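Novice: According to numbering that gives the first Met the number 0, the sequence shown is numbered sequentially starting from 0.
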Amino acid sequence: MSATGRTFLLSCGGTGGHLSPGIALAEGLVARGHRAVLLISHKKVDTRLAVKYPGLHFVPIPGTPFGLHPGVLGRFLVSQSRGFAEGRRLVADERPAAIVGFGGFITASVILAGALRGVPVALHEANRVPGKSVRHLARFARRVYLPLGISLPGRDDNKLRAAGLPVRSEIVRRPRDEAVRSLGLDPAHKVLVVFGGSQGATPLNQWAREAAVPLAALGIQLACVTGMGKGEAQFTELAGPGGARLRSATIPFCDDVS
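1) Give me the Cβ distance between Tyr144 and Glu124, rounded to the nearest whole Å; I'm assuming they're in contact under 8 Å.
2) Could you give the distance in angstroms between the alpha-carbon of Ser40 and the alpha-carbon of Gly12?
3) Assess, as a yes-or-no matter, whether the stretch 176-184 is touched by the stretch 205-215 under the definition of 3 or more beta carbon pairs within less than 8 Å.
4) Looking at Ala232: is its Cβ nearer than 8 Å to the Cβ of Val192?
5) Starting from Pro146 and walking both ways along the alpha helix (DSSP H), at which residues does that stretch end?
6) According to DSSP, is Ser257 helix, strand or coil?
7) If you follow the beta strand (DSSP E) that Ser236 is part of, which residue opens it and which one closes it?
8) Considering only residues of the same chain and omitting the five flanking positions on each side of Gly226, which have a CB-CB separation below 8 Å?
9) Here's the rule I'm using: 16 or more other beta-carbon atoms within 10 Å means buried, otherwise exposed. How should Gly27 be labelled?
10) Between Arg138, Val166, Val50, which lies nearest to Asp156 when the distance is taken from Cα to Cα?
11) Counting C-beta neighbours from all protein chains within 10 Å, is the total for Leu37 16 or more, i.e. buried, or is it exposed?
12) Buried or exposed: where does Lys42 fall if 16 or more other Cβ atoms within 10 Å of its Cβ makes it buried?
13) Return the residue from the list Arg154, Arg142, Leu76 that minimises the CA-CA distance to Leu67.
14) Just the C-alpha distance for Thr6 and Ala238, rounded to the nearest angstrom, thanks.
15) Based on DSSP bridge pairs, tell me the residues matched to Arg160.
16) Using the C-alpha atoms, what's the distance from Gly113 back to His17?
17) Could you work out which residue in Leu89, Gly21, Pro119, Leu159 is closest to Ala97 when comparing CA atoms only?
18) To which residues of the same chain is Thr63 closer than 7 Å at the C-beta, ignoring the five residues directly before and after it?
19) Where does the unbroken beta strand (DSSP E) through Arg81 begin, and where does it stop?
20) What residue range does the alpha helix (DSSP H) around His17 cover?
21) Less than 8 Å separating the beta-carbons of Gly117 and Ile110?
22) Taking the beta carbon of Gly148 as the centre, do at least 16 other beta carbons fall within 10 Å, making it buried, or is it exposed?
23) Would you report the Cα separation of Ile60 and Gly82, rounded to the nearest angstrom?
What follows is the structure in structure tokens.
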């Protein structure tokens with residue numbers, strides 16, 4: 000960090016969709032001479048992505064997903080209280096210039112800890128339908144960055160700004176054939192990639208299993224990113240047009256989206 004650099008806390012854990020833009024923002028801040036502290040969850044998806052960036056500073060924060068089942072709700076409330084205590088400690092120790100939250104179940108505790116200390120807060124929402132964290136925490140934020148054309152009913156429009164999705168520095172366009180081979184598939188055939196986010200989407204995974212054979216008959220290879228813990232990496236050979244042999248791929252996790 001340069002002599003004039005400042006510290007920013009980025010609350011971005013829980014899913015790859017929260018963590019990836021947080022990493023992208025951290026890269027931009029560090030490149031400008033600032034210090035970025037990325038607050039992540041204890042989930043495997045966060046750990047797996049974080050280890051790829053040894054030059055960035057990650058701090059795990061207590062937190063579990065929200066749910067109405069008594070057991071789930073109890074764990075959520077306990078983890079939020081612990082996260083709030085950790086957030087207060089970090090705010091006191093780091094004295095951040097601002098806190099940026101990207102949504103997810105660890106965001107509330109950190110944002111509230113900062114807002115109560117008078118630290119400027121900003122929120123970023125990547126989805127067309129804003130999540131619970133962004134909707135409920137918007138009242139504490141000075142700026143809320145949303146996709147173009149999206150609003151937050153009942154919130155001060157002066158806070159809202161249109162913004163795209165921060166992209167990690169290594170994500171660049173690759174030649175098609177190279178990208179297809181990296182999936183273990185044949186560049187000579189068309190490819191359909193089914194991707195339900197870092198955690199996967201069960202309905203999409205089910206559709207992919209059912210669609211693999213009819214798609215192969217049309218000459219289309221299928222690659223399905225199932226999400227961690229929702230399937231093993233495997234390839235299946237299927238019959239294609241004119242006796243051709245096509246492959247379908249099941250991939251538990253993929254953060255190489257270039």
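Using N, Cα and C, we set each Cβ at its ideal position, and we do this for glycine too. All figures in this text were calculated on a predicted structure; none of them were measured in a lab.
Specialist: Quick look at the numbers:
1) 7 Å
2) Between Ser40 and Gly12, the C-alpha separation is close to 5 Å.
3) Taking 8 Å as the limit for Cβ pairs, the verdict is that the stretch 176-184 does not touch the stretch 205-215.
4) Not closer than 8 Å, so no.
5) No alpha helix (DSSP H) holds Pro146; DSSP gives it neither H nor E.
6) With a pLDDT of 48 at Ser257, under the threshold of 50, the modelled position of this residue cannot be trusted; read the value that follows with caution. Of the three classes helix, strand and coil, the one that applies to Ser257 here is coil, per DSSP.
7) Per the sequence shown, the amino acid found at residue 236 is Glu instead of Ser. If you look at Glu236, you'll find it in the beta strand (DSSP E) that goes 233-238.
8) Excluding positions up to five away in sequence, the list reads Gly195, Gly196, Ser197, Gln198, Gly199, Ala200, Asn204, Pro251, Phe252.
9) exposed
10) Arg138
11) buried
12) buried
13) Leu76
14) Spanning the two alpha carbons is a distance of roughly 56 Å.
15) Tyr144
16) 19 Å
17) Pro119
18) Arg74, Phe75, Ser78, Phe104
19) First-last for Arg81: 69-93, but that is the alpha helix (DSSP H), not the beta strand (DSSP E).
20) From DSSP, the alpha helix (DSSP H) with His17 extends over 15-30.
21) no
22) exposed
23) Going by the C-alpha atoms only, they are around 6 Å apart.
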